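In my numbering, the protein residues as written are 92 to 483.
Each residue gets a CB set at the ideal place from its N, CA and C atoms; glycine is no exception.
Please read all numbers here as calculations on a predicted model, not as lab measurements.
See structure below.
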Ligand code: GMT
């Protein structure tokens with residue numbers, strides 16, 4: 092099908108994996124000539140990078156504040172905006188990223204449009220992780236989340252692990268397609284940029300990086316503990332990029348373990364590729380990750396990854412090849428794995444190269460964007476989607 096599509100994308104605007112994936116996917120499709128209409132309550136931050144983007148539109152859901160109603164309006168505002176844009180822009184489909192509330196809002200909009208006999212707006216829902224493992228499964232939201240998953244015209248998850256969790260948690264019998272996340276391998280190339288190692292480290296010191304939203308699931312305290320073990324053996328600095336609820340506790344622990352003078356809390360940063368390009372290791376000891384875009388960005392930048400086993404990270408990081416996977420909370424094992432990489436330049440280089448190869452072969456943006464496009468086309472033509480076999 093050569094026809095260019097009109098696609099709405101409902102996603103979160105602020106820092107976080109699902110918003111990044113949604114925005115980068117939309118940009119990739121816009122480059123291929125499809126008209127992409129982003130719908131959110133703020134300009135998504137990856138759209139806000141100071142460049143002109145052809146075929147990209149942004150529609151802000153208006154916010155209605157009323158004292159008697161707490162913060163529950165966002166989902167309704169998105170649904171209303173979807174109805175309006177579906178009609179004004181003749182959308183072919185809406186791609187909802189994150190079940191709560193975007194998929195629910197999308198299905199609400201679909202029902203309204205159906206009742207008005209306006210159009211049959213197809214809804215493709217991508218589940219990202221915490222929408223299933225944390226928010227959507229909470230009893231307060233369970234029935235609505237299950238309804239949105241079951242009513243979507245197609246559902247995807249960003250890993251096999253998340254597909255299995257979704258089926259188990261919600262008892263879903265319909266097909267759920269696995270489409271892995273992706274990375275811009277040109278942007279995350281590991282090539283030197285304007286940021287130099289000596290901005291942070293003395294000659295001979297290693298740089299360890301962590302990037303996240305500092306939520307409890309990221310286990311920031313484990314990062315500080317592992318780092319404190321590492322510096323007993325290897326001179327190193329820790330760069331922490333991001334911000335969130337665990338920052339203060341991490342601060343305190345870094346002081347308590349006497350590593351504060353070697354730790355940089357850098358806050359939220361936009362040009363993170365420059366930090367990857369000076370790093371020797373990414374530390375990512377999450378309790379679980381449905382995927383872990385950060386690990387993939389590190390691999391694409393030739394940075395070995397030490398992460399945790401037992402979740403979607405195992406579909407990204409190849410244990411003993413592109414880094415190491417160790418049990419959640421096992422500080423000693425995570426530290427030993429890190430030290431073995433930091434002490435051996437040839438292992439580090441080899442893992443970095445293998446990570447880059449894997450990112451290029453399996454997780455390039457255009458490959459994944461083509462897969463989504465095939466899914467859209469089968470939804471629009473009413474044919475069964477054969478599914479793509481995820482690489483790796
Ligand atoms: O917790 C986060 O990291 C944010 C969250 C989000 O939706 O923004 O990330 C989830 O979606 C990302 C993109 O698909 C995945 O790479 C992350 O692994 C996933 N987070 C968790 O599963 C904890």
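Contact check, residue i vs residue j, beta carbons under 8 Å
| i | j | result |
| --- | --- | --- |
| residue 485 | residue 352 | Outside the modelled stretch of the chain, which goes from 92 to 483, sits residue 485, for which no answer is possible. |
| residue 319 | residue 299 | no |
| residue 374 | residue 429 | yes |
| residue 220 | residue 380 | yes |
| residue 274 | residue 398 | no |
| residue 245 | residue 433 | no |
| residue 139 | residue 168 | no |
| residue 336 | residue 306 | yes |
| residue 272 | residue 387 | yes |
| residue 176 | residue 147 | no |
| residue 250 | residue 414 | no |
| residue 254 | residue 276 | no |
| residue 166 | residue 195 | yes |
| residue 203 | residue 101 | no |
| residue 376 | residue 317 | yes |
Limits of the beta strand (DSSP E) - the one that residue i falls within
| i | result |
| --- | --- |
| residue 213 | 213 to 218 |
| residue 353 | Here residue 353 belongs to no beta strand (DSSP E), and DSSP marks it neither H nor E. |
| residue 375 | 372 to 375 |
| residue 245 | 245 to 248 |
| residue 419 | Neither: residue 419 is in no beta strand (DSSP E) and is coded neither H nor E. |
| residue 151 | 147 to 151 |
| residue 398 | 396 to 399 |
Opening and closing residue of the alpha helix (DSSP H) in which residue i lies
| i | result |
| --- | --- |
| residue 365 | 364 to 367 |
| residue 467 | 456 to 472 |
| residue 235 | 233 to 242 |
| residue 387 | 384 to 391 |
| residue 197 | 195 to 206 |
| residue 494 | This structure cannot speak to residue 494, because the chain is shown only from 92 to 483. |
| residue 257 | 251 to 261 |
| residue 166 | 165 to 179 |
Cross-strand partners of residue i (DSSP beta bridge)
| i | result |
| --- | --- |
| residue 126 | 97 |
| residue 188 | 217 |
| residue 410 | 414 |
| residue 298 | 328 |
| residue 274 | 455 |
| residue 333 | 303 |
| residue 131 | 151 |
| residue 268 | 247 |
Contact belief for residue i with residue j at Cβ below 8 Å, rounded distance in angstroms
| i | j | result |
| --- | --- | --- |
| residue 267 | residue 426 | Not really, about 37 Å apart at Cβ, beyond 8 Å. |
| residue 224 | residue 256 | 6 Å |
| residue 193 | residue 285 | The Cβ separation is near 36 Å, so there is no contact. |
| residue 315 | residue 345 | 5 Å |
Contact with chain B by residue i, beta-carbon distance below 8 Å
| i | result |
| --- | --- |
| residue 305 | Absent from the structure is chain B; it holds one protein chain and no more. |
Problem - the region 97 to 113 in contact with the region 178 to 190 per 3-pair CB rule at 8 Å - result: yes
Handout entry: Inter-stretch contact (C-beta, 8 Å, three-pair minimum) for the region 331 to 338 and the region 355 to 363
Key = yes
Exercise for the section: Would you be able to state if there are at least three C-beta pairs under 8 Å between the region 116 to 127 and the region 93 to 103? Expected result: yes
Problem - Meets three-Cβ-pair contact criterion under 8 Å: the region 168 to 183 and the region 208 to 215 - result: yes
Problem - Validate contact between the region 247 to 263 and the region 223 to 230 using beta carbons, cut 8 Å, 3 pairs - result: yes
Exercise for the section: Determine, using beta-carbon pairs with one atom in the region 403 to 414 and one in the region 460 to 477, whether at least three such pairs fall under 8 Å. Expected result: no
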